[in-house]
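Read the structure below first, then the notes.
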Amino acid sequence: MSALTLTLKTRPAQRVDMSPLVCQKLQGLTPAEIGSIELQTGNRTVRADELFKIKGDDVNNIVIAGSFNKLDYIGKELDGGSITVEGDAGAYTAQQMKSGTLVIQGNAGLYAGCEMKDGLLQIEGNAGDFLGAALPGNKQGMKGGTILIKGSVGERAGDHMRRGLILIEGNAGDYCGSRMVAGTIAVMGKTGRYLGYAMRRGTLLLWNQPQLSATFNDCGSHTLAFLPILFSSFKNLDSRFADSNIGFNRVQRYGGDMAETGKGEVLVKL
Amino acid sequence: MIINGVSIDETFAEAFPMKATRAIITAQNEKWAMISAQAMTGFATSVIACGCEAGIERVLEPSETPDGRPGVAILIFAMGGKGLAKQLETRAGQCVLTSPTSALFAGIDEGKQIPLGKNLRYFGDGFQISKKINGKRYWRVPVMDGEFLTEATTGQVEAVGGGNFLVLAESQPQALAACEAAIEEMRKIPNVIMPFPGGVVRSGSKVGSKYPALGASTNDAFCPTLKGVTKTDLSPEIESVMEIVIDGLTKEDIDKAMRVGIQAVCDLGAAEGIKRISAGNYGGKLGPFHFHLQEIMA
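First to last, the sequence lines map onto chains A and B. So the first sequence is numbered by numbering that gives the first Met the number 0: it starts at 0 and just counts up by one. So the second sequence is numbered by numbering that gives the first Met the number 0: it starts at 0 and just counts up by one.
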């Protein structure tokens, strides 16, 4: 069986809702049936085969070729299997993803991995604002799984995050980890202003000293036993995080946000 | 059957089903991991009065432990799941949480999950932090020397307790020397512990007693000072009998441990005063697992 490959024929002017094209919804469908699936784009619907050239038959291994930043909701509620996006992805990539693997070879837009439950979302390029966040009005963002970003991320990464892991090889914008409930965000690059704004619990693990708000208090330098275990859990990732030399267990610990419960922490490599 | 002048009785040891788990204790160095492990497995020779049977399985290299520090694996056995969980939690709380630089991890992943540090976290008084890494939940409990890191649960498995053999010798020093040699070899076998002091028990028991309140009492048939006054199982030249009790995760593990242990005793042989190997046989009343000495040594 070869991967089910959806190659974009032409770039539509309007945004496209790609949520019907996930592995679990295509089980048992023939290529013709997959081609007849209707996708919402702008104020009309189009057949999948109008937008994509469809090849291959392995619905557990989907490739979206020629993708660009108007293909939204790729991998929404994905529950097993893998999706590879050759190119950029639009907004809401991997929204509420349950399991499986989603790899974006380009950049991802707003709300990537928002309210994700489990699985791996890997973005080779950059991600937009509200990575792993809660949808507007909702109280809980990402609840599990791993998001790996090889580039940088926009603002509000991990907003309202409840559980799980966000690994950022590049930089993070302002308000990284804002209103976090729990979970871990690791940033190898630089972080912006208002780091951990109103975070309740959770860990922000940083390689570089951040600009901290007055509501984060210095708890001193420490050797923490859980860090080697955390770093060793990265070893199977296709990432700089997997490098055994990248880990550390000696950190400066800042507690906060004291304007909230103060049970969160910012750990900075020493 | 005679091995190197040592007679192997045609009898079997009786053992019974138990519940067990393994925990891994790590620390800044092996010395402190061992101190914590010894405390946790202390006063755990017999379920008769200790609530559990526990012992040190082996020392772990840093490369074998979850946090890359020196560690010690311990096994803990109890008659039931509830008892095991209670003993594990109490001991972890008093002996590992309290021990400087220690961390505590599950040594068995499969089976029913029972609390390891799951409830110890409340010692953190709200400052404890949970981390779920690779599907396992860990608790970071702030303590005065830094942080106590513990895995939330460990796996409880079916196990076997009470495998044993008796070493019958011409003198007390010879019996002890033979048991020491056996224990040294048996400690190399994984998945087993010998829970008595130093692995050796000198007060083997029989089922029942003349005192109704007691369920077990001294095994008079093997007491050398009673040779002339009770229905003895000892020949005149036997002056001392010692027993090695083995708990293991499976019957096969106990088989293996008994084989190397008896072999080590027999290697000393009759020349070193070892005359017989026997076993605690209670006529099939004690437990469903039977370890036939001659079959094990065949």
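Glycine included, every Cβ here is placed at the ideal spot set by N, Cα and C. Because the structure is a prediction, the values reported are computed rather than measured.
Asked                                                                                                                                                          : Found
When DSSP labels each residue in this structure, what does T229 (chain B) get in the three-state scheme?                                                       : coil
Using three-state DSSP, classify A171 (chain A) as helix, strand or coil.                                                                                      : strand
Does the Cβ-Cβ distance between M44 (chain A) and L50 (chain A) come in under 8 Å?                                                                             : It should be pointed out that residue 44 (chain A) corresponds to Thr in this sequence rather than to Met. Going by C-beta atoms, T44 (chain A) is not nearer than 8 Å to L50 (chain A).
Using Cβ-Cβ distances below 7 Å, what residues of the segment 134-159 of chain B are close to chain A?                                                         : Y137, R139, G145, E146 and L148
Classify G41 (chain B) as buried or exposed, calling it buried when 16 or more other Cβ atoms lie within 10 Å of its own Cβ.                                   : exposed
Which residues in the same chain have their Cβ closer than 6 Å to the Cβ of V102 (chain A), if we skip the five residues on either side of it in sequence?     : T83 and Q121
With distances taken from CA atoms, which of B:F126, B:G134 and B:I132 is nearest G145 (chain B)?                                                              : B:F126
Is it buried or exposed for K10 (chain B), if we count other Cβ within 10 angstroms and need 16 for buried?                                                    : Looking at the sequence itself, residue 10 (chain B) is Thr, so the reference to Lys does not match. Flag for T10 (chain B) reads buried.
Output, in chain order, the set of chain A residues within a Cβ distance shorter than 8 Å of A102 (chain B).                                                   : A224
Tell me the residue span of the alpha helix (DSSP H) that contains A93 (chain A).                                                                              : That residue, A93 (chain A), is in no alpha helix (DSSP H); it is neither H nor E in DSSP.
Please state whether DSSP places F247 (chain A) in a helix, a strand or coil.                                                                                  : coil
Does H159 (chain A) come within less than 8 Å of chain B when only Cβ atoms are used?                                                                          : no
Tell me whether A26 (chain B) sits in a helix, a strand or coil according to DSSP, three-state version.                                                        : coil
Looking only at its own chain, which residues have a Cβ that is under 6 Å from the Cβ of N207 (chain A), when we skip the five neighbours before and after it? : K189
Thinking F104 (chain B) and I23 (chain B) are a contact (beta carbons under 8 Å), I'd like their distance in whole angstroms, please.                          : 4 Å
Strictly below 9 Å CB to CB, what residues from chain B border S243 (chain A)?                                                                                 : Correct list: empty, because the minimum Cβ distance to chain B is about 11 Å.
Going by alpha carbons, who is nearest to P189 (chain B) out of B:E56, B:Q27 and B:R136?                                                                       : B:E56
Considering only their Cβ atoms, is the gap separating C218 (chain A) from L194 (chain A) smaller than 8 Å?                                                    : no
Among B:L225, B:G92 and B:E109, which one has its Cα closest to the Cα of T118 (chain B)?                                                                      : For the record, residue 118 (chain B) in the displayed sequence is Asn; it is not Thr. Nearest C-alpha to N118 (chain B): B:G92.
Assuming contact is defined by CB atoms lying nearer than 8 Å, are K111 (chain B) and G154 (chain B) in contact in what I supplied?                            : yes
Only counting the same chain, and skipping five residues up and downstream in sequence, which positions put a Cβ closer than 7 Å to that of N216 (chain A)?    : Y253, G254, G255 and M257
What separation, rounded to the nearest whole angstrom, lies between the Cα atoms of F290 (chain B) and I273 (chain B)?                                        : 21 Å
Using only the alpha-carbon positions, how far apart do T145 (chain A) and F233 (chain A) sit?                                                                 : 10 Å
Would you list the one or two residues that DSSP bridges to L248 (chain B)?                                                                                    : BP columns for L248 (chain B) are empty, so no partner.
Provide the residue span of the alpha helix (DSSP H) that contains K85 (chain B), from first to last.                                                          : G80 to R90
Spell out whether any CB of chain B is found under 8 Å from the CB atom of L229 (chain A).                                                                     : yes
If you measure between the beta carbons of G169 (chain A) and I148 (chain A), is that distance less than 8 Å?                                                  : yes
Comparing C-alpha positions only, which one of B:I113, B:T25 and B:S98 sits nearest to Q86 (chain B)?                                                          : B:I113
Judging by CA-CA distance, which residue of A:M96, A:T100, A:L77 and A:G108 is the nearest neighbour of G86 (chain A)?                                         : A:G108
Please determine, among B:D8, B:E29, B:L74 and B:V200, the residue with the shortest C-alpha to C-alpha distance to M39 (chain B).                             : B:L74
If the cut is a Cβ gap below 8 Å, which residues of chain B does S232 (chain A) touch?                                                                         : I132 and N133
Excluding the 5 residues flanking Q27 (chain B) on each side, which residues of the same chain have their C-beta closer than 6 Å to its C-beta?                : T100
Hey, how far is the Cα of P19 (chain A) from the Cα of M96 (chain A)?                                                                                          : 13 Å
Is the CB of P69 (chain B) under 8 Å away from at least one CB in chain A?                                                                                     : no
Identify the continuous alpha helix (DSSP H) that holds Q171 (chain B) and give its terminal residues.                                                         : Q171 to M185
Does P99 (chain B) get closer than 8 Å to chain A when you measure Cβ to Cβ?                                                                                   : no
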